[in-house]
Every structure is written in structure tokens, then in C-alpha cells.
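As C-alpha cells, the structure follows; a few thoughts come after it.
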DNA sequence: TGTTAATATAACAATATTGCTATGCTTCAT
DNA sequence: ATGAAGCATAGCAATATTGTTATATTAACA
């Protein structure tokens with residue numbers, strides 16, 4: 001994720017207002033980052049990914065925004081368009 | 101996943117009809133399995149998970165069916181209700 | 001400067017998922 | 001056999017996500 005990013009985050013998370021907002025948005029950020037990185041690895045344009053997914057460039061742009069949160073179906077299509085594999089798992093928290 | 105399961109699967113996947121159907125349903129199966137295992141680990145009933153998620157037992161049952169595919173928001177809530185952490189990632193396929 | 005490629009945003013109808021209520025099915029114990 | 005606990009299913013209204021079209025923005029470059 002990058003060192004600077006995590007340092008800054010730890011600092012901001014001390015603020016409880018920020019923490020609340022962040023936790024609301026966190027899943028959208030995380031998904032957005034993952035999608036953007038996956039497409040970067042593939043070297044494809046949004047247009048090209050869109051074609052492979054059977055949708056449009058604007059829909060791909062929206063997916064990469066992370067808002068609204070994409071469906072699993074969309075994530076799967078995006079993954080296979082970008083030569084990735086989608087992994088979803090529940091790991092014990094404690 | 102279990103040894104028997106994978107053996108049987110490899111055998112059935114030779115059939116192209118089956119393979120097509122399986123690939124359609126695979127995400128639902130996978131999600132269902134993950135949810136069921138997560139709740140089993142937690143030792144909670146559907147009712148209890150439902151309460152923690154702010155929903156009803158029947159909704160939890162439906163999530164564990166995997167159909168329709170749950171939203172990421174639901175998976176997140178389910179994860180925290182069952183003391184799990186939801187992981188979603190794209191891994192390079194090649 | 002003007003053109004092109006790549007990405008972003010908006011609006012609205014269509015589709016998918018959730019909340020909710022009611023009800024059915026099993027299993028276990030009494 | 002009856003009751004209770006846990007899980008499954010169904011139907012419908014409410015909410016969320018996607019498909020689509022149109023348009024804006026930005027950067028690179030002839």
C-alpha cells in the first residue's frame with residue numbers, strides 16, 4: 001500500500017470523526033484501489049476492459065471509482081478481463 | 101475444500117455441459133461455502149448473526165444460499181458479525 | 001491551435017439485491 | 001405426539017447497482 005500512506009492514515013485515525021467517515025468509505029477505497037491496480041497490471045485501457053466485459057467505458061470508470069460498490073458479478077468480469085483472479089474470503093479476526 | 105470433492109469435480113469437469121453450468125454457478129457456491137464456514141467458526145445461529153447485522157434470520161439464510169449473490173456491503177456486515185475479516189483481492193492469473 | 005486518446009461524470013431506465021413478513025421443514029427432547 | 005429451536009423458502013416493496021447515451025476533462029502531440 002505504500003509507507004507514507006499508512007503513516008498518514010495512522011495519524012488521521014486518531015481523530016474520531018475521521019475514523020467514522022473512513023470506516024464508512026473504506027470498502028469503496030479498497031475496492032477502487034484493487035481494480036485500478038489490476039487494470040494497471042493488465043496494461044489495458046478502460047475501453048478495452050469494457051469490451052471484454054461486455055459493457056462500456058463509462059461503466060468501467062464507475063467501477064474503478066468504487067462507488068457505488070460493485071457487485072460480485074462485476075468484479076468477476078473485471079477480473080477475467082484483466083487476467084486476474086478474484087479472491088474473496090473470510091478470515092478469522094481473532 | 102476436501103479431497104473427495106476435488107476428485108469428483110475434476111471428473112465432472114470433463115463434461116463440457118457440466119463445465120459451462122458449473123462456471124456459471126461457481127461464484128455462488130464459493131460464496132455460500134465461505135459464509136457457512138465463517139458462521140460455523142463463530143458458533144452463532146442465523147438469528148444471532150442477523151441481529152448483529154441489523155437484519156432478519158431469513159435474510160441471513162438467503163445470504164448463505166449464495167443466491168442471489170450478496171453485495172459487498174452484506175458480506176462486510178456478515179464478516180464483522182461472525183468475527184471475521186472480509187478479504188477481496190485480484191491476483192494476477194498468469 | 002486543433003485533434004485524438006484516455007478517463008470522468010451525469011441522468012435515467014432496467015436489473016439485481018435486500019428488508020420484511022409469513023410459513024414450512026427437521027431435529028431433538030420431553 | 002407436542003413443542004421449541006434452527007434453518008429454508010416465497011412474495012413483494014424498497015433500495016442499490018448496471019447499461020446506456022451524452023458530454024466534459026485532461027494530456028500528448030502533429
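Residue numbers (my numbering), protein chains in the order written: chain A, 1 to 94; chain B, 101 to 194.
For glycine and all other residues, C-beta sits at the position ideal for the given N, C-alpha and C.
query: Endpoints, beta strand (DSSP E) assigned at residue 86/A; result: 84-92
query: Burial state of residue 139/B, where buried means 16 or more other Cβ atoms lie within 10 Å; result: buried
query: Nearest-angstrom beta carbon gap, residue 129/B and residue 153/B [assumed within contact, 8 Å]; result: Contact doesn't hold; Cβ gap of about 22 Å is too wide.
query: Residues of the stretch 69-93 of chain A with Cβ closer than 9 Å to any Cβ of chain B, in chain order; result: 69, 70, 71, 72, 73, 75, 76, 78, 79, 80, 82, 83, 84, 85, 86, 87, 88, 89, 90, 91, 92, 93
query: Burial state of residue 166/B (16 or more Cβ within 10 Å); result: buried
query: Contact check, residue 85/A vs residue 127/B, beta carbons under 8 Å; result: no
query: Cβ shell of residue 74/A (< 7 Å), same chain only, five flanking positions each side left out; result: 63
query: Per-residue DSSP class, three states only, for residue 175/B; result: helix
query: Residue from 158/B, 191/B, 172/B, 180/B whose Cα sits closest to the Cα of residue 142/B; result: 180/B
query: Chain A contact for residue 134/B (CB, 8 Å cutoff); result: yes
query: Cβ-based contacts, 7 Å cut-off: residues of the stretch 55-67 of chain A near chain B; result: none
query: Residue-level contact to chain B via CB, residue 40/A, 8 Å cutoff; result: no
query: Assigned secondary structure, residue 44/A (DSSP; H/G/I helix, E/B strand, else coil); result: coil
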